[in-house]
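**Q**
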Amino acid sequence: MTSLELAQKLKAQFGEIISEPGEFRGEIALTLLNCERIAEVCAFAKKELGFDYLVDVSSLDNYGDDPRFTVVYHLYGIKHRCYLRLKTDVSEEKSELPTVTKVWRTADWHEREIYDMMGIRFSGHPDLRRILMWDGYPYFPLRKDFPLAGKPSELPDVAFTKPAPLEGGPFVTVAGGKDAISREPRVRIPETDSVELNNRIERRDDIRKAHGESFGPGPKETNK
Amino acid sequence: MADVRDIEIQDTAAKAALAAENATGGPGLVDELPDMGGEKMVLNMGPSHPSTHGVLRIVLELEGETITKAMPDVGYLHRGDEKIAENMTYTQFIPYTDRLDYLAPLANNVAYALAVEKLLGIDKTLPPRCQYIRTICCELARISSHLLGIGCFAMDVGAMTVFLHTFTEREKIYNLCEALTGARFTTSYTRIGGVSRDTPPGWCEAVRKFINEVVVNIDETETLLTRNRIWVDRTRDVGVISKEDAIDYGLSGPNLRGSGVEYDLRKDQPYLIYSDLKFDVPVGSVGDCYDRYLVRMEEMRQSVKLIHQCLDKIPGGFDNASKEPVNVADGKVVLPPKSKVMTSMEELIHHFLNVTQGVNAPPGEVYFGHENPKGELGFYINSKGGGTPNRLKIRSPSFVNLSILPHLLPGHMMSDTVAILGSFDFVMGECDR
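From first to last, the protein sequence lines are chains A and B.
End of the first sequence = 224 in this note's numbering, gap-free, step of one.
End of the second sequence = 657 in this note's numbering, gap-free, step of one.
1. Going along the region 33 to 59 of chain A in order, which residues come within less than 7 Å of chain B, judged by CB to CB distance?
2. Find the residues of chain B that neighbour A:E27, judging by a C-beta separation of less than 7 Å, and give them in chain order.
3. Please list the residues of the region 456 to 489 of chain B that have a C-beta atom closer than 7 Å to any C-beta atom in chain A, keeping them in chain order.
4. Are the region 71 to 85 of chain A and the region 591 to 610 of chain B in contact at 8 Å, needing three or more beta carbon pairs?
5. Which partner residues of B:N606 appear in the DSSP bridge assignment?
6. Which residues in chain B have a C-beta closer than 9 Å to the C-beta of A:L148? List them in chain order.
7. When you compare the CB of A:T106 with every CB in chain B, is at least one pair closer than 8 Å?
8. Report the rounded CA-to-CA distance for A:P126 versus B:S483, giving the unit in angstroms.
9. Taking just the CA atoms, how far does B:A328 sit from B:G508?
10. According to DSSP, B:P296 sits in a beta bridge with which residue or residues?
11. Could you work out which residues of chain E lie near A:M133, taking near to mean beta carbons separated by less than 9 Å?
12. Mapping the DSSP letters down to three states, classify B:D500 as helix, strand or coil.
13. Cβ of B:K617 within 8 Å of Cβ of B:E341?
14. Nearer than 7 Å: is that true of the beta carbon of B:P539 relative to any heavy atom of the ligand HEM?
15. If you draw a straight line from the alpha carbon of B:N452 to that of B:E446, how long is it in whole angstroms?
16. Pick from B:K264, B:T580, B:L559, B:Q581: whose alpha carbon is nearest that of B:E571?
17. Taking the alpha-carbon positions, what's the B:V510 to A:L132 distance?
18. Using a Cβ cut-off of 8 Å, which residues of the region 489 to 513 of chain B contact any Cβ in chain A, in chain order?
19. Looking at the C-beta of A:V72, does it have a partner C-beta in chain B at a distance below 8 Å?
20. Are the CB atoms of A:S95 and A:G119 within a distance shorter than 8 Å?
21. Would you mind sorting B:D649 into buried or exposed? The rule is 16 or more other CB atoms within 10 Å of its CB.
22. Can B:L324 and B:G653 be called in contact, C-beta distance under 8 Å?
23. Using the rule of at least 16 other Cβ atoms within 10 Å of the residue's Cβ for burial, across every protein chain shown, is B:G375 buried or exposed?
24. Can you look up B:S509 in the DSSP assignment and give me helix, strand or coil?
25. How would you label B:N268, buried or exposed, when you count the other beta carbons within 10 angstroms and need 16 or more for buried?
26. Measuring only the C-alpha atoms, how far is A:M1 from A:D52?
27. Straight-line CA distance for B:C354 to B:E589?
28. Take the Cβ of B:Y517 as the centre, count every other Cβ of all protein chains shown within 10 Å, and call the residue buried at 16 or more, exposed below.
29. Report back the beta-carbon spacing between B:C655 and B:F542 to the nearest angstrom; my notes put them in contact at under 8 Å.
30. Taking just the CA atoms, how far does B:M265 sit from B:H636?
31. For B:V651, which three-state DSSP category applies?
32. Assuming A:T106 contacts B:Y487 (C-beta within less than 8 Å), just tell me the rounded distance between them.
33. Which of helix, strand or coil does DSSP assign to A:T106?
34. Determine the extent of the alpha helix (DSSP H) in which B:D322 is found, giving its start and end residues.
35. Could you check the C-alpha separation between A:A29 and B:T359 for me, to the nearest Å?
36. Given a cut-off of 8 Å, decide if B:C362 and B:L388 are closer than it, judged by their beta-carbon atoms.
Right, dumping it as structure tokens:
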């Protein structure tokens with residue numbers, strides 16, 4: 001039996017609430033339109049379709065889109081050796097969907113991690129606490145609106161956002177740039193008052209003036 | 225070995241706990257025992273404890289010496305690798321994979337490269353020599369990781385010699401890594417679409433020499449442990465995981481196979497050239513610490529067998545006399561040869577785009593699971609197109625394997641924790657990511 005056949009069986013059982021199976025690189029993915037029924041669908045997949053092994057649960061932040069979050073389940077059957085990817089969208093207002101810990105106990109830590117990193121809650125979870133960050137940490141770091149450089153927290157010695165020793169200097173990439181070019185140190189003016197460096201920048205400005213604006217990439221930001 | 229077990233448990237509380245366990249058919253219900261007159265003690269094990277192999281912290285609730293509740297606390301080594309991955313190109317993330325399971329960096333490199341290649345759709349078209357080299361790397365990493373795992377496991381339960389013995393061999397693997405990649409520890413050897421360099425002259429002979437030596441070492445280790453009375457007493461019937469529990473908790477690798485589940489991604493979802501090679505997948509019968517140890521021992525022997533076959537069949541021979549490629553030919557994926565970058569227009573463009581923007585991946589999502597020494601290391605990559613992933617989820621085997629501890633530990637003696645943790649062979653760098 002192939003993944004596609006199993007996916008179609010799942011679709012036949014639940015009909016409207018499951019999308020047509022999509023295929024990419026030989027992997028079959030299904031989208032569940034109503035996240036409230038995820039536990040029910042998973043229980044059926046485990047019991048009737050032999051997906052006894054939950055490989056992974058992960059989450060996506062579709063920042064700017066609605067619904068904002070997607071929870072992704074990777075199912076595997078040790079007997080039939082088929083993978084199935086099950087996805088379901090969760091809106092930001094609700095940020096909650098039923099737990100699948102009653103279907104596979106391995107979901108326990110995966111769901112805690114998603115709650116910790118993305119802030120999606122799982123109703124019915126036996127022990128929904130943060131797992132990688134500490135209790136009481138105020139943010140959800142894997143959300144797209146959380147900066148790569150981090151945010152100050154009440155434990156500044158543990159999770160600091162102080163500049164790294166060489167930050168701002170040459171050859172140190174800047175975290176959070178939207179592409180490689182904005183992180184690239186050569187197009188930044190380093191944040192330093194070193195006389196030598198400033199001289200070099202002035203020299204470059206002089207050359208720019210002499211040659212007009214068309215010369216070189218020039219300083220993009222000054223950070224002064 | 226039932227008589228051994230009887231001698232071990234001496235105090236009344238533990239006896240009662242064992243009786244309750246036998247009556248109810250399994251651990252986990254011990255905390256419902258009637259009050260034995262003793263107070264429960266909370267013991268904090270880790271995060272800095274020799275047997276927690278890094279920074280695992282377990283809060284144990286003890287009654288006498290019997291564990292009634294265990295709460296693992298992970299995250300002390302959390303570095304936000306998944307967040308970092310979203311902010312850099314696919315190639316730039318390779319060094320971070322070294323630091324996941326830092327006892328088998330070569331295997332992590334291969335796993336990550338294969339995941340990205342699957343996204344690009346080139347995983348089936350890799351040059352054969354590249355696939356053979358990668359397979360040798362994976363199996364070397366497996367031997368290295370298991371040597372350490374068994375050495376530390378033995379040292380934790382009191383057998384110091386084994387540790388020194390296995391580390392002698394590991395040192396040779398590090399030398400091989402150094403000759404191959406330039407680094408002993410953080411190898412960063414693979415590239416998207418290939419490997420960073422071909423094997424250096426004489427490397428394949430050195431590998432052959434090493435695997436001939438390591439089998440001797442494995443046999444010697446076996447004589448030190450397998451029939452050692454103390455070792456058997458400490459590991460037999462300790463930390464028994466049933467087949468059903470192992471699957472339900474998503475265990476993978478030797479921990480799952482120790483419980484008798486025949487699940488090995490090299491067989492079940494063959495990648496690289498594993499489908500062309502002959503090897504066996506050892507499984508345990510009881511699922512205790514001793515079985516997990518035996519599975520690892522046998523896996524090392526199978527790895528040796530695999531490397532022998534790879535060396536026999538490697539395209540181009542040991543020194544690549546026929547100049548077989550080790551990278552895919554597509555300049556949009558792999559950096560072109562440096563000699564051509566400054567002399568040829570197309571190569572210059574490829575080089576520039578590859579370095580500044582990264583490999584142009586199509587929109588889509590893939591999951592690739594790799595049989596790492598510790599278990600199934602999976603990468604789920606969600607791409608919106610372009611050179612950086614939209615989301616990169618690392619399914620780390622250690623994280624999932626440890627999640628069974630709250631279920632497994634209660635009912636055991638405090639000192640069994642050390643044996644159980646040793647038999648799990650986890651790495652916190654991978655667990656916390």
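Glycine included, each C-beta is placed from N, C-alpha and C at the ideal position.
**A** Looking at the coordinates:
1. D52, Y53, L54, V55, D56, S58
2. V590, Y591
3. I471, D472, Y473, G474, V485, Y487
4. yes
5. B:E589, B:R615
6. G304, K307, I308, E310, N311
7. yes
8. 26 Å
9. 23 Å
10. B:I282
11. Among the protein chains in the structure shown, which are A and B, there is no chain E.
12. helix
13. no
14. As for the ligand HEM, it is missing from this structure, which has no ligand bound.
15. 9 Å
16. B:L559
17. 32 Å
18. D492, Q493
19. yes
20. yes
21. buried
22. yes
23. buried
24. coil
25. exposed
26. 15 Å
27. 25 Å
28. buried
29. Not a contact, Cβ separation roughly 38 Å.
30. 15 Å
31. coil
32. Actually they are not in contact, since the Cβ atoms of A:T106 and B:Y487 sit about 14 Å apart, beyond 8 Å.
33. coil
34. 318 to 322
35. 29 Å
36. no
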